[in-house]
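K.L.:
Numbering (full-length UniProt numbering), first residue to last: 1 to 678.
Input: one structure, supplied below.
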Amino acid sequence: METTDWKAHLFKVDVPGLKKEEVKVKVEDGGILQISGERSKEKNDKWHRVERSSGKFVRRFRLPENAKVEQVKAAMENGVLKEEVKKPEVKAIDISAMGAEKGKKQRSEEVEEERNGADVVDVELVQTIEKLQSIQDDLDKINEEASEKVLELEQQYNVIRKPVYDKRNDVIKSIPDFWLTAFMSHPALSELLTEEDQKIFKYLDNLEVEDFKDVKSGYSITFMFKPNPHFEDAKLTKTFSFLEEGVTKITATNIKWKEGMGIPNGVSEEKKGNKRSLADESFFSWFTESEFKGDMYEINDEVADIIKDELWSNPLTFFNNEAEEDMDEDDEGLPFILVFDLHMFSMNSCRTALLILKEYRGTWVEFAVLRLDIHSLLNLSPLLNNGDEEGKKKAKEVIKEACSECGFFQIRNHGVPLDLINQAIQLSRTFFALSDQEKLQYSPRSAAPLPAGYSKQPAHSPDKNEYLLMFQPLSGANVLPPHFRDVAEELFLQLREIGRLIEQIVNDCLGLPPDFLKEYNLDRSWDFMVALRYFPATENDNNGLLQHEDGNVVTLVIQDEVGGLEVKKEGQWIPVVPAQGNIVVNLGDVVQVLSNNKFKSGTHRVVRLGERCRHSFAFFYTIEGDKWVAPLPELTEEAAKYRGFVYKEYQAMRMRNKTHPPARPEDAITISHYAISD
């Protein structure tokens, strides 16, 4: 299937039983047919589920690879899809075959008319059709009765479900950032939350969707918030009432924003027109309108449908990122997918960059654009033919933008088994749960080049964590618990391979000769991995790890569900919401210096959240201690921005920041110590 057949193609067609001027058919990338529109009041069409008496619908179907836009349009205009579209789930529809059969039948009838004359009437055929219509009328009557019975049964089960939902909500309240994570893992809802919205959603304590007692008359969606600095309301509710005349009455809470607050990045409809910009407008503007027109109406209705039919029914699926895994089953052969922070891009330019799936120097890599604080992957990357140099060029531009903005991105489908990650996290919990006396049995035997083994930050340190550090397998410096050794060593080797691949990609994005960075440092004995436990927050202190940049080449981070990692971008701290299976990647000072500040070493910190410990693994892909680090001549068309230095000397000064912290934090040695003033 050619990508160009589907890209941003939008047209209106006549679908039987629906308002012609309102029906839209959009064929999306990947062969997904989306049909949206408004049902006619006079007709009882079959596009809606029985509990929907309002006029709005959106349905999606996967198309066969040989289908063409013209065939789709013809099939819709001829009404051949009417009986096929009965349920909202995705199903395969052979449109080309149906369209061909329809055309064949019409041509046969035309030939028959020319042969026998247009006035010839087949009486027996007419009687047969009338008989069939009578039977169909009987079926319609039975279906109407069945619909009423289904509604009655639905009402009965709503009563049964209520205490179970309440029990589920009580458990969810104990999981930090549950609803924020679930929203950010949903491919559609995640696009509606701005960075400011995500800060507000951290206070979201509960979500409820409740049908009216008479199910067909409407439902409400309620967001319940803990006390927060943004607004006074404890509850924000949006209600959809389906009236007999086919009109939907929509009411919403008028948010009482605290002084200096208001809708983050929100813009009124009068200022923006009817078309809503997903990238710019706050999710909370969803509560500001009770009348909807044009595109804004469509977006609001779809948000409610998604929350009610998808998120509310099983939020754990999205919290665990399982829904996305189901959608990506066809991509299991891909080693990994890179997810880059390109918040400054508009959605349209992001889509252009997303349409890339290339063989990158012998390894299949799917490149995708995603805001750093979003953890669902946009499945917009179709297969492209090998050897397309223009496609590779676009991919490198995407990566360059990510690394030059803040030095952070994420990877998923990376080849590290999820079972291995989960086992490592669990063994980390088991080890750190031991008594201090037991853990001290694995204290470092030496401090060179780093103290391998168990250590705990001193009481005077602002960093509140303990850790278990290890070098490569078989290193004589390692002091590992026997039950931890096999899993830790396997995870170490897996993460080192990812480090090599990312080093290779960064090498090419900087325009360096092939394998330049690899040959710059062939000694991998300085790589190390740390298992960390951050203690729960206290009433007066929630710092886990002060803001800093890593001094190495590349760092790979696996974090558990507790979260707390934050990245600094444009002066704002952005939470990296955990998503199962994702690995966070950040560049270090070595890359920033070698690239002469073209690529950034990401500034980040860890904030302790709530009453739970945070467990994580950090793998530091680094260089040999005697290596000289300075801006590369290949990348210094401008004046060098850093003085050169010996890597181990810089690391020794960074270590002294920990062991002998300066009186003023700004006096700590960082890479700026080597910066050359203009």
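For each residue, glycine too, the CB sits at the ideal point set by N, CA and C.
Once DSSP output is grouped into helix, strand and coil, what is the label at Arg524?
P.N.:
coil
K.L.:
Is the distance from the Cβ of Asp211 to the Cβ of Asn143 below 8 Å?
P.N.:
no
K.L.:
Could you tell me the alpha carbon to alpha carbon distance between Gln155 and Glu195, rounded to whole angstroms?
P.N.:
39 Å
K.L.:
Would DSSP call Phe224 helix, strand or coil?
P.N.:
Looking at the sequence provided, one finds Met at residue 224 rather than Phe. Residue state, collapsed to three classes: strand.
K.L.:
Alpha carbon to alpha carbon, what distance is there between Leu491 and His615?
P.N.:
15 Å
K.L.:
Do you know whose CA, among Asn596, Glu302, Arg612, lies nearest Ala537's CA?
P.N.:
Arg612
K.L.:
Apart from the five residues just before and just after Trp312, which ones in its own chain have a Cβ nearer than 6 Å to its Cβ?
P.N.:
Val209
K.L.:
Just to confirm the assignment, what range does the alpha helix (DSSP H) spanning Tyr647 have?
P.N.:
647–659
K.L.:
Going by DSSP, which residues form a beta bridge with Glu154?
P.N.:
Answer by DSSP bridge pairing: none, since Glu154 is not bridged.
K.L.:
Let's see if you can read the secondary structure: which residues bound the beta strand (DSSP E) around Thr237?
P.N.:
235–242
K.L.:
Taking the CB atoms as reference points, tell me whether Lys648 and Pro449 lie closer together than 8 Å.
P.N.:
yes
K.L.:
Determine the burial state of Gly588: buried for a count of at least 16 other Cβ atoms within 10 Å of its Cβ, exposed for fewer.
P.N.:
buried
K.L.:
Whose C-alpha, out of Pro163, Gln410, Gly602, Gly544, is nearest the C-alpha of Lys569?
P.N.:
Gly602
K.L.:
Who does Thr248 pair with in a DSSP beta bridge?
P.N.:
Phe242
K.L.:
Is it right to say Arg168 is buried, meaning 16 or more other beta carbons lie within 10 angstroms of its own, or is it exposed?
P.N.:
exposed
K.L.:
For Ile669, name the three-state secondary structure that DSSP assigns.
P.N.:
Of the three classes helix, strand and coil, the one that applies to Ile669 here is coil, per DSSP.
K.L.:
Based on the DSSP secondary-structure assignment, which residues constitute the bridge partners of Trp312?
P.N.:
None, per the DSSP bridge assignment.
K.L.:
Contact defined as beta carbons within less than 8 Å: I believe Leu594 pairs with Pro631. What is the distance between those atoms, to the nearest angstrom?
P.N.:
7 Å
K.L.:
Find the nearest neighbour of Gly476 within the set Gln547, Ala146, Ser525, judged by alpha-carbon distance.
P.N.:
Ser525
K.L.:
Taking C-alpha atoms, which residue in Leu546, Glu310, Asp140 lies nearest to Ser461?
P.N.:
Leu546
K.L.:
Distance, Cα to Cα, Gln572 vs Ser217?
P.N.:
44 Å
K.L.:
Apart from the five residues just before and just after residue 686, which ones in its own chain have a Cβ nearer than 7 Å to its Cβ?
P.N.:
Given that the chain is displayed from residue 1 to residue 678, the structure contains no residue 686 and the question cannot be resolved.
K.L.:
Could you give the first and the last residue of the continuous beta strand (DSSP E) run that contains Pro575?
P.N.:
Taken as a continuous stretch (DSSP letters only), the beta strand (DSSP E) holding Pro575 covers 572–575.
K.L.:
Just verifying my parser: in three-state terms, what is the DSSP assignment at Ile502?
P.N.:
When DSSP states are grouped into helix, strand and coil, Ile502 belongs to the helix group.
K.L.:
Determine the contact status of Ala433 and Val487, defining contact as a CB-CB distance below 8 Å.
P.N.:
no
K.L.:
Which runs of the alpha helix (DSSP H) fall wholly inside the stretch 139–214 and span at least 4 residues, in chain order?
P.N.:
178–184, 195–201
K.L.:
Skipping 5 residues on each side, what residues in its chain have a beta carbon closer than 6 Å to that of Glu232?
P.N.:
Lys256
K.L.:
Would you kindly check if the distance between the Cβ of Val585 and the Cβ of Gln410 is under 8 Å?
P.N.:
yes
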